[in-house]
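Right, one structure below, let's go through it.
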Amino acid sequence: MEQRALAATSPNSGAVVRGSWRRKSRNQLGHASWLDVVEAALWCFWHGDDLASGEVLLGVLLGRDERVRLVYGLLTGAFYLSDRTD
-18 MEQRALAATS PNSGAVVRGS WRRKSRNQLG HASWLDVVEA ALWCFWHGDD LASGEVLLGV
42 LLGRDERVRL VYGLLTGAFY LSDRTD
């Protein structure tokens, strides 16, 4: 799907698609709405050097919010397991 099609849905989702989470600090992230959840998971994935460091960021950032952990798990699974040929 094209970025333009997603961005047209709403200004907030468009900002996330364009990478607004890259410019935010840890204190600017939330997890109240589904868009906040996706943004926080992307932030942890972007700032982590590997799977373990992203999980540490996730724990420090949001504690036990299972929704963010779920989205983060989907991102890391798609990224780290895409090269496997088992």
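Quick note on my numbering: the sequence shown kicks off at -18 and runs consecutively.
Note that CB positions come from ideal geometry on N, CA and C, so glycine has one too.
For leucine 42, which of Leu55, Ser1, Phe26 has the nearest alpha-carbon?
-> Distances from the CA of leucine 42 to each of Leu55, Ser1, Phe26 were compared; the closest alpha carbon is that of Phe26.
Beta-carbon proximity check, valine 49 vs alanine 21, cutoff 8 Å | In this structure, alanine 21 lies closer than 8 Å to valine 49 by Cβ.
So, are the CB atoms of glycine 35 and tyrosine 53 less than 8 Å apart?
-> A contact, by the Cβ cut-off of 8 Å.
Residue interval of the alpha helix (DSSP H) (run including leucine 55) | Membership of leucine 55 in the alpha helix (DSSP H) is indicated by the continuous run 47 to 61.
Are the beta-carbon atoms of tryptophan 2 and leucine 16 separated by less than 8 Å?
-> Result no, Cβ atoms of tryptophan 2 and leucine 16 do not sit closer than 8 Å.
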